[in-house]
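Trainee: In the working numbering, the protein residues as written are -6 to 312.
1. Which full runs of the beta strand (DSSP E) of 3+ residues lie inside the stretch 181 to 260, going along the chain?
2. For residue 165 versus residue 126, is the C-beta spacing smaller than 7 Å?
3. Comparing C-alpha positions only, which one of 102, 141, 31, 57 sits nearest to residue 40?
4. Look at residue 152 and residue 206 and say whether their C-beta atoms are less than 7 Å apart.
5. Output needed for residue 189: all residues of its chain with C-beta closer than 7 Å, excluding positions within five of it in sequence on either side, in chain order.
6. Pick helix, strand or coil for residue 85, following the three-state DSSP scheme.
7. So what's residue 158 in DSSP terms, helix, strand or just coil?
8. Pull up the distance between the alpha-carbon of residue 288 and that of residue 199, whole angstroms please.
9. What does the Cβ neighbour count give for residue 91, buried or exposed, with the cut at 16 atoms within 10 Å?
10. In the DSSP assignment, find the unbroken alpha helix (DSSP H) run with residue 68 in it and report its ends.
11. Go ahead and pull the three-state DSSP assignment for residue 292.
12. Short check: CB of residue 132 to CB of residue 184, under 7 Å?
13. Measure the C-alpha to C-alpha separation of residue 118 and residue 272 and round it to an integer number of angstroms.
14. In this structure, how does DSSP classify residue 351 when only helix, strand and coil are distinguished?
15. From residue 326 to residue 137, what does the alpha carbon distance come to, in whole angstroms?
16. Residues in its own chain within less than 8 Å of residue 81 by CB, not counting five upstream and five downstream?
17. If I measure Cβ to Cβ from residue 255 and keep anything under 7 Å in the same chain, skipping five residues before and after, which residues do I get?
18. Please list the terminal residues of the continuous beta strand (DSSP E) segment that includes residue 116.
19. Which residues does DSSP list as the beta-bridge partners of residue 278?
20. Write down the C-beta distance between residue 266 and residue 279 rounded to the nearest angstrom, noting that I regard them as a contact closer than 8 Å.
21. When the distance is taken between beta carbons, is residue 281 closer than 7 Å to residue 263?
22. Quick check on this structure: which residue in 159, 124, 169 has the alpha carbon closest to the alpha carbon of residue 145?
23. For residue 53, report the span of its beta strand (DSSP E) as first-last.
24. Alpha carbon to alpha carbon, how far is residue 111 from residue 31? Give it in angstroms, no decimals.
25. Going by the CB atoms, is the gap between residue 175 and residue 222 shorter than 7 Å?
26. Closest by CA to residue 179, which one among 204, 161, 244?
27. Please list the terminal residues of the continuous beta strand (DSSP E) segment that includes residue 170.
28. With distances taken from CA atoms, which of 71, 37, 257 is nearest residue 55?
29. Does the Cβ-Cβ distance between residue 295 and residue 257 come in under 7 Å?
30. Anyone know if the C-beta pair for residue 59 and residue 35 falls short of 7 Å?
31. Can you tell me which of 86, 76, 114 puts its alpha carbon nearest to the alpha carbon of residue 100?
32. Give every residue of the same chain whose Cβ lies closer than 6 Å to the Cβ of residue 194, excluding the five residues on either side of it in the sequence, and list them in chain order.
33. Using the Cβ count rule (16 or more neighbours within 10 Å means buried), how would you classify residue 224?
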C-alpha cells in the first residue's frame, strides 16, 4: 500500500512540480493584479479607556484619521465603524500628558498612519470649596416702602469643579429682584459662581444651586444716598503699604428715620483684615449701618491697592 502511494506521488513528478509552480504564479498574479493592495483613510472617534475618577479630563483632539492598507476586496464591506482608535489613561496622573494613540483594525488591514498619533490630555482634579454667598438686591419696591431686611436660607455654599476653575471663582452671587412689591415676600434665587471680571465660571457647580430669600419691607422711612467708607485693619505685613482704596459701589442707598438720616453722610464697612495680603486685592466687606438704618445690599466690594514699600539706600523699607 505504501509502495503504491509512493509510485503515485513520484509518477510524472517533474510535471506535477511545474504545475504547482504555475498555480502559485497564477494565484499571485490574480491577487496582485485583480485584487491589489490599496489604501484608504477613515476618520474615527477617539475613545478613552481606564480614565481615572475624580478628575476633569480634557483633550486636544476628539477624532483620529487612520490611513490603512489592504486588499481591494476587503474595502468593499469595510466601514468606519470597523476601525477603532483609543488611548489608555491607566498610568496617567494629574497634569498634562501626551498619550500614544492605539488602534484596532479588522483582519487583513495594516496601519499606514494615524494622525494625530499622540493626543495631549489634561487631568484636573475635582475639588470642593466653601464660600460665602452674596445676595444683591435689584429694582425697587412700591412707592412709600423700602427694604428693611433680606434673609437668605443659606449663608455659605459649596462650589465643586476642576481645581483650576475653582481658583477662578471670587464670588457666588444671587440677584434678588424687588419687582415693585408692596408687601413682604419670598422668592427662589439661583446662585452663580463668578470670576474677578464678573463672568460666570463654566464647569463649576454650586451646591445648593439656589436659595430661598425672604424680603421684609418697611413703610414711612426716609431714603438717602450716602458714601461708603471702607475701614481697614492695622494687620498689614511689614514691608508693604496700602495705596488706593475704593469701594464698589462708591455710594449706596440707605433708609431710616429722618432724624438719623439727616445727620448721616457716609456708612462704614466692618473692619477689613489685611493679614496675609501682599498684592492688590478685591475683598467683600460687610456694611455696618447705625442702629435704625437699613441697607438694601449688606455688602460691597472693596478694591485695596497693596504695594511693597520702597527701600532706602541703607536697604531698609521707607516708613
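Cβ atoms here follow ideal geometry from the backbone N, Cα and C, with glycine treated the same way.
Mentor: On the basis of the data shown:
1. 185 to 187, 198 to 200, 203 to 212, 215 to 222, 233 to 241, 244 to 249
2. yes
3. 57
4. no
5. 163, 275
6. coil
7. helix
8. 26 Å
9. exposed
10. 65 to 70
11. strand
12. no
13. 27 Å
14. Past the edges of the chain, shown from -6 to 312, lies residue 351, and the structure says nothing about it.
15. Since the first residue shown for the chain is -6 and the last is 312, residue 326 is missing from the structure and cannot be characterised.
16. 42, 43, 92, 95
17. none
18. 111 to 131
19. 293
20. About 12 Å separates the two Cβ atoms, so there is no contact after all.
21. yes
22. 169
23. First-last for residue 53: undefined, no H or E at that position.
24. 25 Å
25. no
26. 204
27. 164 to 170
28. 37
29. no
30. yes
31. 76
32. 158, 161, 162, 186, 188
33. exposed
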